[in-house]
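Numbering (the UniProt record's numbering), first residue to last: 1 to 297.
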Ligand code: RIB
Ligand code: NA
């Protein structure tokens, strides 16, 4: 495998609304759509759409959502040998509101995601050991995420952690993460502070996404970080843009290690900026043939 993702699968239930509702308020939306989401699945699908050999380690419910999820992975060429199912709870679900400016608010009901166990992970050890890059987020049981990062490091596999949603983490998470990619901070100064702090805790490199401002990349602890701007585009729906970025980053790091982290980030941000111009999550992620071919030179 080029990339193995250990993470979440959610069905996204997206309502397009004029603005995000206030507490107690009932709003009328203009459109509803259902799609495959979850940070893990999104990142995995992005790498697969770019042409990497990709595997997903995750858990879905024994329900129609779960069945559709596995079919979707298989259609995209994602290896689902270690995508398990459970009859105990439903596939993860994420009701999402997207407003007219493309901003969103998301509720996540993890369901089956939280039942992915360390035993399930152990069954995937060979796949993980044979991958170039392992990607994790925090939408499954954090103990399983940590076990996946450790397992990857034991086999000298490069690890990427997208620490979302933000929860307090033990130091071992940082020590077993080569590249940590936290989502949107407020300003470039905050991002600089985050880089310093995360590298002091033991992460190799830090990539902080800054939304429309692009991102800040700190390759090494004592070197100054690099600001990578994002192209300015007409934003339709930012849902999953961070996942598009991380999936694309994992694609470049695994298939083009010669590019290095900063150039991989430059290319990945181009791809993520395309995803925000179309509605939906995975449906807005471009495939390799839809992209300028110079991104792959
Ligand atoms: O990052 C976007 C994703 O977050 C959505 O697909 C939703 O499922 C939540 O996990
Ligand atoms: Na989108």
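Virtual Cβ for every residue (Gly too), placed ideally from N, Cα, C. Everything numeric in this text was worked out from a predicted model, so none of it was measured.
Could you check where the alpha helix (DSSP H) with residue i kicks off and where it finishes?
i, result
"residue 127", "125 to 129"
"residue 247", "241 to 255"
"residue 66", "64 to 75"
"residue 271", "260 to 275"
"residue 171", "171 to 175"
"residue 144", "142 to 154"
Could you tell me the alpha carbon to alpha carbon distance between residue i and residue j, rounded to whole angstroms?
i, j, result
"residue 62", "residue 112", "9 Å"
"residue 149", "residue 162", "12 Å"
"residue 286", "residue 152", "28 Å"
"residue 170", "residue 132", "25 Å"
"residue 53", "residue 157", "15 Å"
"residue 65", "residue 83", "14 Å"
"residue 220", "residue 18", "43 Å"
"residue 297", "residue 264", "12 Å"
"residue 198", "residue 22", "34 Å"
"residue 168", "residue 200", "16 Å"
"residue 298", "residue 121", "Limits of the chain in this structure are 1 at one end and 297 at the other, which puts residue 298 out of reach."
"residue 231", "residue 119", "43 Å"
Is residue i close to the ligand NA? I mean its beta-carbon at under 7 Å from any heavy atom of the ligand.
i, result
"residue 17", "no"
"residue 239", "yes"
"residue 280", "yes"
"residue 276", "yes"
"residue 105", "no"
"residue 33", "no"
"residue 323", "Because the chain is modelled from 1 through 297, residue 323 falls outside the range shown and cannot be assessed."
"residue 8", "no"
For residue i, report the span of its beta strand (DSSP E) as first-last.
i, result
"residue 56", "54 to 61"
"residue 198", "Per DSSP, residue 198 belongs to no beta strand (DSSP E); it is in the alpha helix (DSSP H), 188 to 200."
"residue 113", "Where residue 113 is concerned, there is no enclosing beta strand (DSSP E), given that its DSSP letter is neither H nor E."
"residue 95", "92 to 98"
"residue 31", "31 to 37"
"residue 4", "3 to 6"
"residue 158", "158 to 161"
"residue 209", "205 to 209"
CB of residue i to nearest heavy atom of the ligand RIB: below 7 Å?
i, result
"residue 108", "yes"
"residue 67", "no"
"residue 248", "no"
"residue 112", "no"
"residue 139", "yes"
"residue 211", "no"
"residue 39", "yes"
Item to check | Stretch pair the region 247 to 259 + the region 6 to 23: three plus CB contacts closer than 8 Å | outcome: In short, these stretches do not touch, since the Cβ pair count stays below three.
Checklist entry - Do the region 65 to 83 and the region 263 to 278 touch if we need at least three Cβ pairs shorter than 8 Å? => result Contact annotation: the region 65 to 83 does not touch the region 263 to 278, with fewer than three C-beta pairs closer than 8 Å.
Checklist entry - If we count Cβ pairs, one from each stretch, closer than 8 Å, do we get three or more for the region 27 to 36 versus the region 12 to 19? => result Yes: at least three Cβ pairs fall under 8 Å.
Checklist entry - Quick one: any contact between the region 87 to 98 and the region 112 to 124, if contact means 3 or more CB pairs under 8 Å? => result By the Cβ criterion, the region 87 to 98 is in contact with the region 112 to 124, since at least three pairs of Cβ atoms, one from each stretch, lie closer than 8 Å.
Item to check | the region 229 to 244 / the region 279 to 297 touching (three or more Cβ pairs under 8 Å) | outcome: They touch, by the three-pair rule.
Checklist entry - Should the region 209 to 220 be called in touch with the region 182 to 189, which here means at least 3 C-beta pairs below 8 Å? => result With contact defined as three or more Cβ pairs closer than 8 Å, the region 209 to 220 and the region 182 to 189 are in contact.
Item to check | Touch test, the region 127 to 142 against the region 41 to 57, Cβ-Cβ under 8 Å, three pairs minimum | outcome: The region 127 to 142 vs the region 41 to 57: in contact.
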